[in-house]
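Residue numbers (the working numbering): 30 to 626.
For glycine and all other residues, C-beta sits at the position ideal for the given N, C-alpha and C.
Note sheet for the following structure.
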Amino acid sequence: MTFSIHGLAVSRGIAIGRAVLVASSRADVAHYFIDAAKTVEEVTRVRVARNAVTEEIMRVQKDLPKDAPHELAALLDVHLMLLQDETLIAGVKHWITDRLYNAEWALTTQYEIIARQFDEMQDEYLRERKADLEQVVERILRFMKGAPSPMQPPGHSVRQAGASRKEANQGLLLDDTVDVPLVLIAHDISPADMLQFKQSLFAGFATDVGGKTSHTAIVARSMGIPAVVGARSASQLIEQDDWVIIDGEAGVLIVDPSPIILAEYGFKQRQGELERERLSRLKHTAAVTIDGERVELLANIELPEDTLGAIHVGAVGVGLFRSEFLFMGRDSKGLSRLPDEQEQYAAYRRAIEGMQGLPVTIRTVDIGADKPLDRKDRGQDTHLNPALGLRAIRWSLADPPMFLTQLRAILRAAAHGQVNLLVPMLAHASEIRQTLSLIDHARATLDNKGMAYGPVRLGAMIEVPAAALTLKLFLKYFDFLSVGTNDLIQYTLAIDRADEAVAHLYDPCHPAVLRLVADTIAECNAQGKGVSVCGEMAGDISMTRLLLGMGLRSFSMHPSQILAVKQQVLRSDAGKLKVWAQQVLDSDEPAVLLQAA
């Protein structure tokens, strides 16, 4: 039966594929198809891991002291029972042999199916055994992590087997001689986990929680894949292997669609592809308004490798390198908790060289709120308000050795090209002075060591209303300002941007928000200082003309948004927009004027 689930549209486009349910705690498990000849090998890997964990638990049982609590022995018995239950291994074998899933993927898929069965049990004691099953699966996964396993999909296609009941209808429209696309369904996905999917085979994703400008949504847009967040109970209503349409335009998931609905969305997919092809012709066209105003279109990136996409769409530089993604998700990769100076220097240098002489703006680490260092850190914030806590520059200033390590790495990388150093979430004069002092300290250390480093332009993020209201103070110390509209909206309107419950109150067109943005642009222009907008507002084509009318000439956004914004720039007359923009700013209902324009 076809049904729909509504959420928030965060990344445009249409994705059609089979659902892969992934628990957030296992989102970093590799997902790839194996060669049909490797099925026995993959099944063996699971069995070997299962047997090893079984032997480990039996050893622990044997060595239990006589005075050990009875509950501990009972718990070990339960784990052994679950390990020896053929339902788990038989299900894993099915996903490997019939669907050609790799062993880790097959194991987590079968776990999700059995876990749902536990959730539906009436007996409370049996329901609670789900936690024991999870621990057992995590033990098997940890063992398998040490075993050799390819991390990339094989280069050739494999045909999917095991046709389900639903394929009888949908097969009419899907060519079964090619791989079936997959869509990811999860309760939540951290930004670090999202990066694991950049080179994956998922065509789109949906989560139960999240807001339009949560960092998970931001990374989805940077990947250019359709996504819906805040879909509430999607991960409970959708079953493993269901056919799902993700409509990133409308924020809707359609489950088990009929052939007619599939045909309609297939047409929409092709229309989207044609539009992207048309926009690609603008790649080498300069971003200049009708009245001759040159506009700078820069790229936001998370990793050095993202510079390839920025160059591909004609970005004239990187306006925001989110360095925190070098710090995140390291526990799942077996890396040290924080990257050292050499590792950071190498990453920044790759980004600088990847931009082929164009400027790169590196933001110092912005950890906190919806960007914890690792998943284990996320639970520590559940009783606090992390968005107002120790994050961004506050986190850096609270750990000077870590901050100095990053500053030295950025300064050293600046010897290889044009670098701007951007500091997030400043609000106090004391924070500014302390930051500048540490930058001087980093330079002095490099001088003492005789290490080469380059000049950097210093900039500050305007993300807090306090900063937007004290611009003259900031412009005494900094060469440029960058307006982070995502956080500026959040803090101005007192809204947690990652909370779907208040997502409807998150309003980029609120008069207070527009006034703070306009005043920042005007003050920087008056003082001859550089100013850009690097939040989601910069890549929103419905806001392009308004920002041009405010006097903005530097936009930084995800590479996937650059060509669409460029098209708006080419169609705009900045001089005429100035009067209209003032009318919008003076209005009590700016959104109404924007929609009418």
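Next on the checklist: At the level of alpha carbons, what is the spacing between Thr411 and Glu304?
Outcome noted: Here residue 411 corresponds to residue number 382 of the sequence shown, with the count starting at 1. Here residue 304 corresponds to residue number 275 of the sequence shown, with the count starting at 1. In this predicted model, Thr411 has a pLDDT of only 48, less than 50, meaning its place in the structure is not dependable enough to derive any value.
Item to check | Beta-carbon proximity check, Ser40 vs Gly277, cutoff 8 Å | outcome: Translated into positions along the sequence shown, residue 40 becomes position 11. Translated into positions along the sequence shown, residue 277 becomes position 248. Cβ atoms of Ser40 and Gly277: closer than 8 Å.
Checklist entry - Looking only at its own chain, which residues have a Cβ that is under 7 Å from the Cβ of Gln596, when we skip the five neighbours before and after it? => result Sequence index remark: in the sequence shown, residue 596 carries index 567 (1-based). The beta carbon of Gln596 sits closer than 7 Å to those of Leu308, Leu311, all from its chain and outside the five residues before and after it, given in chain order.
Item to check | Contact under 8 Å by Cβ, Ser585 with Leu327 | outcome: Your numbering for residue 585 matches position 556 in the sequence shown. Your numbering for residue 327 matches position 298 in the sequence shown. Yes, the pair counts as a contact, with Cβ atoms nearer than the cut-off.
Next on the checklist: Could you tell me the alpha carbon to alpha carbon distance between Arg407 and Ser33, rounded to whole angstroms?
Outcome noted: Counted from its first residue, the sequence shown places residue 407 at position 378. Counted from its first residue, the sequence shown places residue 33 at position 4. At Arg407, the pLDDT of 44 sits below 50, so the modelled position is not reliable; the number obtained from the coordinates is stated separately. Straight across, the Cα-Cα distance linking Arg407 with Ser33 is about 31 Å.
Checklist entry - Tell me which same chain residues have a C-beta within less than 8 Å of the C-beta of Glu382, skipping the five on either side of it? => result Locating residue 382 in the sequence shown gives position 353, where the first residue counts as 1. Result list for Glu382: His445, Gly446, in chain order.
Item to check | Reduced DSSP category for His216 - H, G, I as helix; E, B as strand; rest coil | outcome: If you number the sequence shown from 1, residue 216 lands on position 187. If DSSP states are grouped into helix, strand and coil, His216 belongs with coil.
Checklist entry - In the structure shown, what three-state DSSP assignment does Phe147 receive? => result Here the question's residue 147 lines up with position 118 in the sequence shown. Phe147 carries a helical assignment under DSSP once its states are collapsed to helix, strand and coil.
Checklist entry - Can you give the Cα-Cα distance for Ala38 and Ala235, rounded to whole angstroms? => result In the sequence shown, counting from the first residue as 1, residue 38 sits at position 9. In the sequence shown, counting from the first residue as 1, residue 235 sits at position 206. For Ala38 and Ala235, the distance between alpha carbons rounds to 10 Å.
Checklist entry - In this structure, what does DSSP give as the bridge partners for Asn449? => result Walking along the sequence shown from the start, residue 449 turns up at place 420. Asn449 is bridged by DSSP to Thr390, Arg486.
Item to check | Lys26 burial status per 10 Å Cβ neighbour count (16 or more: buried) | outcome: This structure cannot settle anything about residue 26, because the visible part of the chain is limited to 30 through 626.
Item to check | Residue from Asp152, Leu213, Leu109, Gln146 with nearest C-alpha to Ile169 | outcome: Taking the sequence shown and counting its residues from 1, one reaches residue 169 at position 140. Nearest C-alpha to Ile169: Leu109.
Item to check | Leu581 - DSSP class collapsed to helix/strand/coil | outcome: Walking along the sequence shown from the start, residue 581 turns up at place 552. In the structure shown, Leu581 sits in coil (DSSP, three-state: anything other than H, G, I, E or B).
Next on the checklist: Just to confirm, is the Cβ distance from Ala160 to Val51 under 8 Å?
Outcome noted: Within the sequence shown, the letter at position 131 stands for residue 160. Within the sequence shown, the letter at position 22 stands for residue 51. Taking 8 Å as the Cβ cut-off, Ala160 and Val51 do not qualify as a contacting pair.
Checklist entry - If you follow the alpha helix (DSSP H) that Ser554 is part of, which residue opens it and which one closes it? => result Working through the sequence shown from its first residue, we reach residue 554 at position 525. In the sequence as displayed, the identity of residue 554 is Asn instead of Ser. First-last of the alpha helix (DSSP H) with Asn554: 540-555.
Checklist entry - Can the beta-carbon of Tyr140 be found less than 8 Å from the beta-carbon of Leu162? => result Numbered from 1 along the sequence shown, position 111 holds the residue referred to as residue 140. Numbered from 1 along the sequence shown, position 133 holds the residue referred to as residue 162. Contact check for Tyr140 against Leu162 passes: the beta carbons are separated by less than 8 Å.
Item to check | Helix, strand or coil at Gln624 according to DSSP, with G and I counted as helix | outcome: Here residue 624 corresponds to residue number 595 of the sequence shown, with the count starting at 1. Helix at Gln624.
Checklist entry - Are the CB atoms of Val613 and Leu623 nearer to each other than 8 Å? => result In the sequence shown, the residue the question calls residue 613 occupies position 584. In the sequence shown, the residue the question calls residue 623 occupies position 594. Result yes, Cβ atoms of Val613 and Leu623 sit closer than 8 Å.
Item to check | Cα-Cα separation, Ala375 to Ala442 | outcome: Here the question's residue 375 lines up with position 346 in the sequence shown. Here the question's residue 442 lines up with position 413 in the sequence shown. In a straight line, the C-alpha of Ala375 is about 8 Å away from that of Ala442.
Next on the checklist: If I measure Cβ to Cβ from Gly488 and keep anything under 8 Å in the same chain, skipping five residues before and after, which residues do I get?
Outcome noted: Counting from 1 along the sequence shown, the entry for residue 488 is found at position 459. Same-chain partners within the cutoff: Thr390, Asn449, Leu450, Leu451, Val452, Phe507, Asp508, Phe509, Leu510, Ser511, Gly559.
Next on the checklist: Could you check whether Gly578 and Ala551 sit closer than 8 Å to each other, using their CB atoms as the reference points?
Outcome noted: In the sequence shown, the residue the question calls residue 551 occupies position 522. In the sequence shown, the residue the question calls residue 578 occupies position 549. Using a Cβ distance threshold of 8 Å, Ala551 and Gly578 do not count as a contacting pair.
Item to check | Cut-off 6 Å between Cβ atoms - residues of its own chain near Arg574, not counting five sequence neighbours on either side | outcome: Position 545 of the sequence shown, counted from the first residue, corresponds to residue 574. So the qualifying residues of the chain are Ser601, Leu606.
Checklist entry - How big is the Cα-Cα spacing for Val284 and Gln265? => result Walking along the sequence shown from the start, residue 284 turns up at place 255. Walking along the sequence shown from the start, residue 265 turns up at place 236. Approximately 12 Å between the Cα atoms of the pair.
Checklist entry - I think Gly240 touches Gly253, with their Cβ atoms under 8 Å apart; what is that distance to the nearest whole Å? => result For the purposes of this step, residue 240 is identified with residue 211 of the sequence shown, where counting begins at 1. For the purposes of this step, residue 253 is identified with residue 224 of the sequence shown, where counting begins at 1. So it is not a contact: roughly 20 Å between Cβ atoms.
Checklist entry - Do Leu282 and Ala256 have their C-beta atoms closer together than 8 Å? => result Within the sequence shown, numbered from 1, the residue matching residue 282 stands at position 253. Within the sequence shown, numbered from 1, the residue matching residue 256 stands at position 227. In this structure, Leu282 sits away from Ala256, with a CB-CB distance that is not shorter than 8 Å.
Next on the checklist: Quick test of your reading: Thr83 and Leu112, contact by CB under 8 Å. State the CB separation rounded to the nearest angstrom.
Outcome noted: In the sequence shown, residue 83 corresponds to position 54, counting from 1. In the sequence shown, residue 112 corresponds to position 83, counting from 1. Their Cβ separation, rounded to whole angstroms, is 5 Å, which keeps Thr83 and Leu112 in contact under 8 Å.
Item to check | Whole-angstrom C-beta distance between Glu71 and Ala119, which should lie under 8 Å | outcome: Numbered from its first residue, the sequence shown carries residue 119 at position 90. Numbered from its first residue, the sequence shown carries residue 71 at position 42. Rounded, the Cβ-Cβ distance is 14 Å, inconsistent with contact.
Checklist entry - What are the boundary residues of the beta strand (DSSP E) that Arg47 is part of? => result As a working mapping, residue 47 is identified with position 18 in the sequence shown. Where Arg47 is concerned, the enclosing beta strand (DSSP E) stretches over 43-50.
Checklist entry - Taking the C-alpha atoms as reference points, what is the distance between Ala620 and Ala65? => result Within the sequence shown, the letter at position 591 stands for residue 620. Within the sequence shown, the letter at position 36 stands for residue 65. Computed Cα separation, rounded: 55 Å.
Checklist entry - Quick one: Cα of Asp127 to Cα of Asn329, how far? => result Stepping through the sequence shown from its first residue, residue 127 is reached at position 98. Stepping through the sequence shown from its first residue, residue 329 is reached at position 300. Whole-angstrom Cα-Cα distance: 41 Å.
Checklist entry - What is the DSSP secondary structure of Ile274, counted as helix, strand or coil? => result As a working mapping, residue 274 is identified with position 245 in the sequence shown. Here Ile274 sits in strand by DSSP.
Checklist entry - Based on the DSSP secondary-structure assignment, which residues constitute the bridge partners of Phe509? => result Locating residue 509 in the sequence shown gives position 480, where the first residue counts as 1. Gly488, Gly559.
Checklist entry - Just the Cα atoms here: how many angstroms apart are Gln164 and Trp272? => result For the purposes of this step, residue 164 is taken as the residue at position 135 of the sequence shown. For the purposes of this step, residue 272 is taken as the residue at position 243 of the sequence shown. Straight-line spacing of the CA atoms in Gln164 and Trp272 works out to 30 Å.
Checklist entry - Near Gln556, which residues of its chain fall below 6 Å by C-beta distance, leaving aside the five closest residues on each side in sequence? => result One-based indexing of the sequence shown puts residue 556 at position 527. Leu504, listed in sequence order.
Next on the checklist: Quick check on Ser365: buried or exposed, where buried means 16 or more other Cβ atoms within 10 Å of its Cβ?
Outcome noted: As a first step, residue 365 must be located in the sequence shown, where it is residue number 336. The residue is exposed, with fewer than 16 neighbouring Cβ atoms inside 10 Å.
Checklist entry - Once you ignore the five residues that flank Pro179 on each side, which residues in its own chain have a CB closer than 6 Å to its CB? => result Counting from one through the sequence shown, the residue named residue 179 turns up at place 150. Only weak support is given to the placement of Pro179: the predicted model assigns it a pLDDT of 27, under 50, and the question is left unresolved by the model.
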